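In the numbering used here, the protein residues as written are 12 to 277. Working notes, structure below.
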């Protein structure tokens, strides 16, 4: 979060300035109820905004009402924090996407973290050098070499997640839930949920989003890992690397094949 720095003026010097200063009356004490916020109050505000940031990281696009309910804040209080975060460039506001029929009126407004705020939640280590390395691999080895590199990079992640899912059983949705816990432990802030057509795995943070924006092979390799770990065909519907607020993977309730489908249309 950004903090506004306090500005202090330099005192004037010299005999004229000194006389003028002595002639000025002492500043009046602030009226009751109008005192400047204390340092404790400012610290509390920052703590609350950190909690808002964490919720947005975990949940993705969220309404002010949902944030307020989760944090136990009144509508006015959560709005004050969101306004400050909007002004600081930490969140963006946009209309909520509504699938299917909806009632009258405009959709509710939802809030999402900006790239800058998301980056502070989990630093994208060595993005520039990683991108440069992949460009070199692409120039000298072509797309196949990049794909092989991406597959090798996620192999260790797959091994760790598989070990964490050892007792998850064979049901794909149960395995997706166990995988979400394993990915969260890896820093992906993931969760799984059941929907009408099966299940959905959401990752609200991506450590390599900036690199994957240029090299989608990283997303494709990760999607293949998810498919193997849950034991069924999956379909990647959205990715942070492509500008979506969350990486979303659909897990059908029943699958007739084991082909992994990855969205590459953006």
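Cβ coordinates follow ideal geometry from the N, Cα and C atoms, glycine included. Fair warning: this is a prediction, and the values are worked out from it, not measured in the lab.
N- and C-terminal bounds of the alpha helix (DSSP H) containing residue i
i	result
residue 77	75-82
residue 263	Counting along the chain, residue 263 falls outside any alpha helix (DSSP H), though it belongs to the beta strand (DSSP E) covering 258-263.
residue 225	Segment: none, residue 225 is in no alpha helix (DSSP H) and carries neither H nor E.
Rounded C-alpha distance that separates residue i from residue j
i	j	result
residue 169	residue 104	35 Å
residue 172	residue 190	7 Å
residue 225	residue 214	19 Å
residue 66	residue 262	24 Å
residue 300	residue 70	No answer is possible for residue 300: the residues shown for the chain start at 12 and end at 277.
residue 120	residue 209	27 Å
residue 229	residue 87	42 Å
residue 165	residue 219	11 Å
residue 259	residue 98	29 Å
residue 107	residue 72	8 Å
residue 147	residue 207	44 Å
residue 174	residue 90	43 Å
Opening and closing residue of the beta strand (DSSP E) in which residue i lies
i	result
residue 149	Residue 149 -> not in any beta strand (DSSP E); alpha helix (DSSP H) instead, spanning 138-175.
residue 205	201-206
residue 180	Counting along the chain, residue 180 falls outside any beta strand (DSSP E), and DSSP gives it neither H nor E.
residue 88	Taken as a continuous stretch (DSSP letters only), residue 88 belongs to no beta strand (DSSP E), being part of the alpha helix (DSSP H) at 86-98.
residue 213	209-214
residue 107	Note, residue 107: premise wrong, no beta strand (DSSP E); not H, not E.
Close beta carbons around residue i, own chain, < 6 Å, minus the five adjacent residues each side
i	result
residue 204	211
residue 255	249
residue 264	209
Close Cβ partners of residue i (< 8 Å) along its chain, the five nearest in sequence each way excluded
i	result
residue 60	12, 92, 95, 96, 101
residue 68	124, 129, 132, 200, 215, 216
residue 176	186, 189, 190, 193, 240
Distance between beta carbons of residue j and residue i, contact taken as under 8 Å
i	j	result
residue 145	residue 257	Not confirmed; about 24 Å, so no contact.
residue 85	residue 79	7 Å
residue 237	residue 245	5 Å
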